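Notes to accompany the following structure.
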Amino acid sequence: MQEEIKSCYIFLDTGDTPQVVAQYALKDSIYNFIYGKSYLDLNNSFELDPINLPFITPNTAYTTAAKDGFGVLADATPDNWGRKLTLTQHTRVPLNQIEWLIAARGNAVGCLVASLSSKAVKTVGKESFVKFSDLQAYLKLSKAVDQHQDPNMISMMTDNYLSKLIHHGSSMGGARPKVVVQHKGIEWIAKFNKSDDLFDNAKVEYASMKMAQALGLNVSNVELEEVEGNPILLVERFDRNCPERKKHYISAHSLMNIRKVRVDDLKMSYMHLSKICSQICHDAISNQLELYKRMVLNVMISNTDDHLKNHGFLMHDMKNHHYSLSPLFDVLPHGSRASYPKEHAIAVGEEGRIGTAQNLLSRCNAFGLTEFQAKEIIKNVRDVLESRDEFFKDAEMSDYQMRQLDHYYNLGN
179 MQEEIKSCYI FLDTGDTPQV VAQYALKDSI YNFIYGKSYL DLNNSFELDP INLPFITPNT
239 AYTTAAKDGF GVLADATPDN WGRKLTLTQH TRVPLNQIEW LIAARGNAVG CLVASLSSKA
299 VKTVGKESFV KFSDLQAYLK LSKAVDQHQD PNMISMMTDN YLSKLIHHGS SMGGARPKVV
359 VQHKGIEWIA KFNKSDDLFD NAKVEYASMK MAQALGLNVS NVELEEVEGN PILLVERFDR
419 NCPERKKHYI SAHSLMNIRK VRVDDLKMSY MHLSKICSQI CHDAISNQLE LYKRMVLNVM
479 ISNTDDHLKN HGFLMHDMKN HHYSLSPLFD VLPHGSRASY PKEHAIAVGE EGRIGTAQNL
539 LSRCNAFGLT EFQAKEIIKN VRDVLESRDE FFKDAEMSDY QMRQLDHYYN LGN
């Protein structure tokens, strides 16, 4: 029986020689994180989490309970879909955060990678990247995993395909079936529909991202493809300049570091996110404005899946260590079509998570906006969404599919 791995080294893999950053260990149900002296001595070193893992003194040990782990390191582990894929293998399932970090092999979001050695890291090689021409096979395999087919049947779909799906299906995106694919010389996340989707998610998310672009929001490039009659959404990875260049990423969930919270607690809120923008973003004012526009869009399209893991911060300038909100992702309607007002995953204003225009306006000052400016933003978002059929038609949706979605659009409250 393989012994549980309880210690590793954390590296930055930004495209040059990977740089060892810290030692990470689990002992007596406590995780210990210590920055390496050699890393602290570098001129270009930066804090992996400027709020929860700041530079203090050499040998400063940061600790947290084993059930929690450190958020910025959790971001570098496989997401829910990646973990589901791992469970299909006939190998031991990772037992702790350190083992999940090693299993990710640096292919999760961001530029962090774990190694048992302080001298070298083992990452996923370029030769293992999924080709766009192979998407049909990965679509078939993803359906088998998603529908809980017999693991023995799944393993028969060639070890090579399964191995690639596991290595390249574990980036951001929650529980939705997907795989990272090489297309036009860059990395994209190919997102597949699920059998129990209420509507064509790939087409609707494509249209939603295009609406966000029309509003001037920071959105990744998207393409809509079809493989064997199956719509597939391609979203360009924003944490990669090219396969060899990675950027540092921290989710809002990790930065807030809130373990227990009441439903009505405004700490888990867009307002708190705005405060983080003021703390770590190079251009806080523009990021707070961007965040407010995103919040309004989420309310008006009923994107109630706007939890803290669906917001994040990207070190867009790795040389000068400048953060900004990451490009928008996972934006589309969720929840019941009939109920209004809808409750969001985090608080929108003084009235908590309720998605109404009144609540959107109630704390606009937390984003550096006057009520007049906030009302103008709400009007602009409403104007774009009122022409949503143009975006749906661009996604080749039928009239029936478009009318299915009308109940989600909260434009009058």
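Numbering (our numbering), first residue to last: 179 to 591. C-beta atoms are modelled at their ideal positions from N, C-alpha and C, and glycine is treated no differently. Given the structure is predicted, the values throughout are model-derived calculations rather than measurements.
One Cα belongs to H450, the other to Q180, and the distance between them is close to 43 Å. In the displayed model, Q325 falls within coil according to three-state DSSP, outside both helix and strand. In the structure shown, the three-state DSSP call for M493 is strand.
DSSP lists V405 as the bridge partner or partners of N408. CA-CA distance, K424 to S540, rounds to 39 Å. Here Q275 has G247 as same chain residues with Cβ atoms under 6 Å from its own Cβ, once five neighbours each way along the sequence are excluded. Per DSSP, N379 is one residue of the alpha helix (DSSP H) stretching across N379 to A392.
Beta-bridge analysis with DSSP links K445 to no other residue. Per DSSP, the beta-bridge partners of N210 are A203 and T241. Below 8 Å, enough C-beta pairs join the region 424-434 and the region 241-255 to call them touching: three or more. Contact between the region 403-422 and the region 372-382 is present, with at least three C-beta pairs closer than 8 Å. Pairwise C-beta distances place the region 527-539 in contact with the region 474-489, as three or more of them are shorter than 8 Å.
The C-beta distance from Y217 to F211 rounds to 12 Å, too long to meet the 8 Å contact threshold. For Q197, the three-state secondary structure derived from DSSP is strand. A residue is called buried when at least 16 other Cβ atoms come within 10 angstroms of its Cβ; Y470 meets this threshold and is buried. G249 sits in a helix when the DSSP states are folded into three classes. A straight line joining the alpha-carbon of G407 with that of Y448 spans about 39 Å.
With a cutoff of 8 Å on beta-carbon distance, F507 and M389 are scored as not near each other. In the three-state scheme derived from DSSP, where H, G and I count as helix and E and B as strand, C289 is classed as coil.
Look at Y501 here: in three-state DSSP terms it is strand.
In this model, P505 and K215 are separated by some 33 Å (Cα to Cα).
Annotation: the region 519-560 contains the following complete segments of the alpha helix (DSSP H) (minimum length 4 residues), in chain order: 535-540. P519 is positioned such that its CB atom lies no closer than 8 Å to that of Y586. Under a 10 Å Cβ-count criterion, F233 is classified as exposed, with fewer than 16 other Cβ atoms of the shown protein chains found around its own Cβ.
An exposed status is given to T238, since fewer than 16 other beta-carbon atoms sit within 10 Å of its beta-carbon. With respect to the 8 Å criterion, H500 and H460 are classified as neighbours on the basis of their beta carbons. Where Y587 is concerned, there is no enclosing alpha helix (DSSP H), because DSSP gives it neither an H nor an E. The C-alpha of C455 lies about 11 Å from the C-alpha of L492. Q360 is bridged by DSSP to K309 and E365.
V199 has its alpha-carbon roughly 20 Å from the corresponding atom of K205.
Taking a cut-off of 8 Å for Cβ pairs, the region 185-194 and the region 287-300 touch, as three or more such pairs fall below it. Membership of L190 in the beta strand (DSSP E) is indicated by the continuous run S185 to L190. For I428, no alpha helix (DSSP H) run applies; the uninterrupted beta strand (DSSP E) run containing it begins and ends at Y427 to S429, by DSSP. Excluding sequence positions up to five before and after D495, its CB lies within less than 8 Å of the CB of H460, all in the same chain and listed in chain order.
Counting other Cβ atoms within 10 Å of its Cβ, L313 reaches 16 or more and is therefore classed as buried.
DSSP, read as helix, strand or coil, puts R354 in coil.
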